[in-house]
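Input: a single structure, listed below in structure tokens.
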Amino acid sequence: MKDLDILTNHLYAHRGLHNHDKGIYENTLKAFDEAIKHGFGIELDTNILKDGTVVVFHDKNLKRLCGIDMALKDVTYEMIKDYKIMDSNETIHTLEAVLDYINNRVPIMIEIKPFGDKARHAETVYNIIKKINSPIVIQSYNPYIVYWYKKNAKEVIRGQISEFFRDSNFTFITKWMMKTLITNKLTKPDFVNYGLKDIPNKYIEKQKKKGVKILAYAAKTEQELDYMRTHYDNAVFEGFIPTKIK
């Protein structure tokens, strides 16, 4: 039996408790340290490299954070392991290394990015997390990845990320399918993590009535976080330090 309380009994710091202005960069050990220090759960991102290594990194390209125009799907870990994040001494870490570092101190929400080999990515993450005794949930924008967990790892709490995708390059039909959560009929996620800017809407209300947990990303004020926890279930937060759980 899945314990879905992990989704509501903790506050999750988006990409760790980062603050770029203070040199605490997203998805780094320093950002995770800050989250752990405050007792927050950690939301983090994974990408899969050419050699099958899963790393904790948000973008599909190294340019924004490392200043190098290279797609992660085209590189090996050996090629990038010494690259620095922005102006810090932080480097890109493997998922195994990050989970070992966090060492079960707080719950973890892993977003599996849909770049590169999606099936290999989903399976590799699963093979990593099933070896450790740690509270972990997975989520993805890509319904295929959510479905992979439904089919192959039913015991793992899985979530569908979505929004209205106004600024995306998706086709009209893809946007419609994603924002309406119609693929949930097949993938049966335990929770939905929806763009807060698009809440409330009739699609999440329908999911809520079905008993699906409703989260949002990313609350950037205490008021937004309180709204989500009052009207729905929770929200991933960033840019501030929440004072309490209501």
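For the sequence shown, the working numbering gives the first residue as 10, with consecutive numbering after it.
Glycine residues also receive a C-beta, built at the ideal position from the N, C-alpha and C atoms.
For clarity, every value in this text was computed on a predicted model and none was experimentally measured.
Using C-beta distances below 8 Å, list every residue in its chain close to Val221, excluding the 5 sequence neighbours before and after it, in chain order. Asn193, Pro198, Asp199, Phe200, Val201
Does DSSP put Tyr21 in a helix, in a strand, or in coil? In this structure, Tyr21 counts as strand in the three-state DSSP scheme.
If contact is defined by three or more beta carbon pairs under 8 Å, each pair taking one atom from either stretch, is the segment 212-227 in contact with the segment 238-246? yes
Please specify which runs of the alpha helix (DSSP H), each continuous and at least 4 residues long, are wholly inside the segment 64-121, giving them in chain order. 72-75, 86-89, 104-111
Endpoints, the alpha helix (DSSP H) within which Asn161 is located: 152-161
Just to confirm, are Leu58 and Leu81 a CB contact at a threshold of 7 Å? yes
State the CB to CB distance for the pair Leu38 and Tyr110, rounded to an integer number of angstroms; the pair is presumed to be in contact (CB under 8 Å). A Cβ-Cβ separation of about 6 Å places Leu38 in contact with Tyr110 under the 8 Å criterion.
Thinking just about the alpha-carbon of each residue, which of Ala131, Asn136, Phe174, Ile145 is nearest to the one in Lys206? Phe174
Using three-state DSSP, classify Phe200 as helix, strand or coil. strand
Proximity winner among Ile170, Val107, Ile117, Pro144, relative to Tyr156 (alpha-carbon distances): The option with the nearest alpha carbon to Tyr156 is Ile170.
Pair within 7 Å by beta-carbon distance, Val134 and Val63: A Cβ-Cβ contact shorter than 7 Å links Val134 with Val63.
Return the bridge partner residues of Lys222 from the DSSP annotation. Phe200.
Just confirm the distance between the C-beta atoms of Ile51 and Phe66, as a whole number of angstroms; I'd bet it's less than 8 Å. Actually they do not touch by this definition, with Cβ atoms about 14 Å apart.
Determine, using beta carbons only, whether Tyr21 and Met118 come nearer to each other than 7 Å. yes
Can you tell me whether DSSP reads Glu35 as helix, strand or coil? coil
Whole angstroms is fine: what's the gap from Asn151's alpha carbon to Pro123's? 6 Å
Beta-carbon contacts of Tyr212 that lie in its chain and below 7 Å, excluding the five residues immediately before and after: Lys188, Thr189, Leu190
Count the other CB atoms, across all protein chains shown, that sit within 10 Å of the CB of Phe246; report buried if there are 16 or more and exposed otherwise. buried
Of the residues Ala228, Glu233, Tyr153, which one's Cα is nearest the Cα of Ala128? Nearest to Ala128 by alpha-carbon distance, out of Ala228, Glu233, Tyr153, is Tyr153.
C-alpha gap between Val165 and Thr103, whole angstroms: 20 Å
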